[in-house]
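Undergrad: Numbering-wise (the UniProt record's numbering), the sequence shown opens with residue 1 and increments by one.
Supplied in C-alpha cells, the structure appears directly below.
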Amino acid sequence: MVTLNALESELETDRLIDNVTHQHAFTLVGNGLQKMMGAYSKEDEPKLDFAFGIHMTQYHCELHKYQVIMKFQFDFSEATCDGEQLDLSDIRSQEVPIDAYAQLRKKHKNATFFLCNANDHEDKDALSQLVKEFSIPQLGSQTVQEFHGHLFFGIRVPFTKEEEEKPHFFPWEAQRCKPVIKNIRVVCERVVLYRPFDHVNVLPRYALYYLFGEGNEAFMTHLQTAQVSTSPFEPKRYGPDYDDVIELKEAPKRLEGGDYVPVIGSALLKAGIVVSVPCLPLEHTPTTDKSPCYPAPDCWQKPEPITVMYRGIGPAFEVQPRHLYLSVSVVCNSPGCNPYPLERNIWTVMPQRYWVN
C-alpha cells in the first residue's frame with residue numbers, strides 16, 4: 001500500500017492543495033445483475049452488471065484519506081476472464097458475459113472481490129480511450145465518470161519485506177497478481193458516500209457505521225476516525241481504528257400487524273444513514289498507540305440480530321449480518337498504530353492461480 005505522509009508542507013504554503021492521480025482499491029459488495037429467465041428480448045435488453053465499491057482507506061496517505069462508496073456499472077464487452085468458468089449460454093453473451101460479476105458472486109458468495117483501476121503501462125493499447133489513474137476527488141466530483149478497471153479475487157499474502165518497504169507498494173500490481181476479469185469499462189453510476197477525513201475528530205462512545213443499499217440488499221461499513229495519535233513534538237501518526245465491510249441478510253425490516261415492513265425508506269437506504277452499535281463501545285487510548293481502540297467486532301461473523309441506533313440516538317432497530325467481507329486495521333492506520341495483530345485480518349486470500357511468480 002502507499003505509505004506516504006500527508007502533504008502537510010503544501011498545506012502550510014500558498015501552493016495548490018490537490019491530490020495526484022494514482023491507483024485505488026475498492027471492496028465490492030452486492031449480487032449484481034440478476035439474469036432473466038431465457039433469452040433477452042430486443043425490447044427488454046439487460047442493463048450493465050453492477051456492484052457497490054467501498055474505497056480502502058489510509059489515514060497516513062493524502063491520496064487515500066477518503067471514505068468513499070460508489071455504485072459502479074461494469075461493461076465487459078472488451079474484457080477477458082482467467083481462472084473461472086462462466087456461463088456463456090445466453091444468445092447475447094460475448095467472451096465475458098454481461099453478468100460476469102453476478103456469476104462470480106453467486107459462485108463465490110463469501111469471497112472478497114476487489115476492483116482496482118488499471119495501471120498497465122506495458123499494455124497501453126488496452127482500453128486506451130479510458131482513464132487509467134485518477135484521484136478520489138475526481139470520482140467524488142464526477143470529473144471522472146468512467147475508468148479502466150480490473151477485478152481481483154482476494155489479496156495475495158503474505159507480503160515480502162521488500163514489498164512492504166516500497167513507498168508505493170500496491171498489493172494488486174501486475175508484477176505480482178493477475179485479475180480474474182481484466183479490462184473492464186467501469187462506469188461510475190452514482191456517489192453513495194464521499195467523506196474526506198479530518199484529523200481533529202475524536203472517537204465516539206460507540207462504533208458508528210454507514211448503512212446503505214438498494215432494494216432488499218443492504219450493507220454496512222465502519223465510519224472511521226483518523227485522529228492524530230502523537231504529540232506536537234513527534235512525527236505525525238494516525239489511528240488506531242479499523243475498516244469493516246459487512247453484508248446484511250436483507251434490508252432492515254420490522255414486524256407490523258403480522259407483516260414485515262421496511263424500517264428505512266427506499267431513498268434513504270440508497271443515500272445511506274449513520275447508525276451506532278451499542279454492543280461495540282470504543283476504548284480511548286491516548287497514551288498507547290498499539291492498544292485496541294475498540295473490541296474485536298466478531299459480532300458481525302454471527303448470523304444473530306444486532307441492535308443499532310439511527311443517527312446514534314434512535315430509534316433503535318435490528319440488523320442481521322450475513323457475511324463479513326473485510327475487517328482489517330493494518331491498512332488504514334499509520335505504521336505503529338495498528339491495534340490488531342496481522343493474523344486478525346479478515347479478507348479472502350487470493351488463490352495461487354492468480355499469482356504472478
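Positions of the beta carbon are idealized from the N, C-alpha and C atoms, including for glycine.
(1) If contacts are defined as beta-carbon pairs under 8 Å, then L324 and V274 qualify, I think. What distance do you get, rounded to the angstrom?
(2) Residue range of the alpha helix (DSSP H) that S266 falls in?
(3) Using a Cβ distance threshold of 8 Å, determine whether the segment 195 to 212 contacts the segment 141 to 156, with at least three qualifying pairs required.
(4) Let me check understanding here. Comparing Cα to Cα, which of L139, N119, K166, A79 lies closest to H64?
(5) Using the DSSP secondary-structure output, state which residues sit across from G149 in a beta bridge.
(6) When you compare only the Cα positions, how much space is there between S89 and C116?
(7) Would a C-beta distance cut-off of 8 Å place Y238 and H222 closer than the cut-off?
(8) Unbroken alpha helix (DSSP H) runs of length 4 or more, entirely within the segment 182 to 259: which are they?
(9) Please state whether DSSP places A105 in a helix, a strand or coil.
(10) Return the first residue and the last residue of the beta strand (DSSP E) that E318 is part of.
(11) How long is the line joining the alpha carbons of T112 and G154, rounded to whole angstroms?
(12) Please tell me whether P252 and F212 are closer than 8 Å, where the distance is taken between their beta carbons.
(13) Do C188 and F72 have their CB atoms nearer than 8 Å?
(14) On the three-state DSSP scale, how would you describe K71?
(15) Nearest to N19 by CA position, among N31, V186, V328, E62, is which residue?
(16) Using the rule of at least 16 other Cβ atoms within 10 Å of the residue's Cβ for burial, across every protein chain shown, is F197 buried or exposed?
(17) Taking the alpha-carbon of Y59 as reference, which of L326, R195, K107 has the nearest alpha-carbon?
(18) Taking 8 Å as the limit between beta carbons, can you name the residues of its chain near D244, skipping five residues before and five after?
(19) Are the beta-carbon atoms of M56 and T27 separated by less than 8 Å?
(20) Note the first and the last residue of the continuous alpha helix (DSSP H) segment covering residue 401.
(21) So A126 and L33 are in contact, right, with Cβ under 8 Å, and what is the actual spacing, rounded?
(22) Got a sec? Which residues, its chain only, sit under 8 Å from K109 by beta carbon, not counting five neighbours each side?
(23) Identify, in the order they occur along the chain, each residue of the same chain with its Cβ nearer than 6 Å to the Cβ of residue 361, setting aside the five sequence neighbours on each side.
(24) Exposed or buried, which one is S329 when buried takes at least 16 other CB atoms within 10 Å?
(25) Does Q175 come within less than 8 Å of chain B when only Cβ atoms are used?
(26) Assign V29 to one of two classes, buried (16 or more other C-beta atoms within 10 Å of its C-beta) or exposed (fewer than that).
(27) Per DSSP, what kind of secondary structure is C279 in: helix, strand or coil?
(28) Where N119 and R311 are concerned, what is the direct C-alpha to C-alpha distance, given to the nearest angstrom?
(29) Using DSSP with H/G/I as helix, E/B as strand and the rest coil, what is Y354?
(30) Might you give, ordered along the chain, the residues of its own chain that have their beta carbon closer than 6 Å to the beta carbon of D75, omitting 5 neighbours on each side?
(31) So who's on the other strand from I313, going by DSSP bridges?
(32) On the three-state DSSP scale, how would you describe C81?
(33) Given K249, which residues of its chain have a CB within under 6 Å of its CB, disregarding the five upstream and five downstream residues?
(34) Could you check whether A79 and K182 sit closer than 8 Å to each other, using their CB atoms as the reference points?
(35) Going by C-alpha distance, which of N31, L280, P158, P137 is nearest M309?
(36) Give me the residue from T225, D259, W355 with the minimum Cα distance to Q67.
TA: So, from the data block:
(1) With 8 Å as the limit, L324 and V274 do not qualify as a contact, their Cβ atoms being about 20 Å apart.
(2) 266 to 271
(3) no
(4) L139
(5) N117, I184
(6) 28 Å
(7) In this structure, Y238 keeps its C-beta atom at 8 Å or more from the C-beta atom of H222.
(8) DSSP runs (the alpha helix (DSSP H)) wholly in the segment 182 to 259: none.
(9) The sequence given here has Arg at residue 105, not Ala. R105: helix per DSSP, three-state reduction.
(10) 316 to 319
(11) 5 Å
(12) Cβ distance not < 8 Å, so P252 and F212 don't count as in contact.
(13) yes
(14) strand
(15) Of the listed residues, the one whose Cα sits closest to N19 is E62.
(16) buried
(17) R195
(18) Contacts found: Y209, M220, T221, H222, P297, W300, L324, L326, S327.
(19) yes
(20) Nothing about residue 401 can be read from this structure; the chain reaches only from 1 to 357.
(21) Not really, about 23 Å apart at Cβ, beyond 8 Å.
(22) Cβ neighbours of K109 beyond the five flanking positions: H323.
(23) For the chain, the structure presents residues 1 to 357; residue 361 sits outside this window and is missing.
(24) buried
(25) Going by chain labels, chain B is absent from the structure shown, which holds only one protein chain.
(26) Buried: at least 16 other Cβ atoms inside 10 Å.
(27) strand
(28) 39 Å
(29) helix
(30) So the list reads L48, R185, once near-sequence residues are dropped.
(31) According to DSSP, I313 bridges with nothing at all.
(32) strand
(33) Hits under 6 Å: Q320, R322.
(34) Taking 8 Å as the cut-off, the beta carbon of K182 is found closer than this to the beta carbon of A79.
(35) L280
(36) T225
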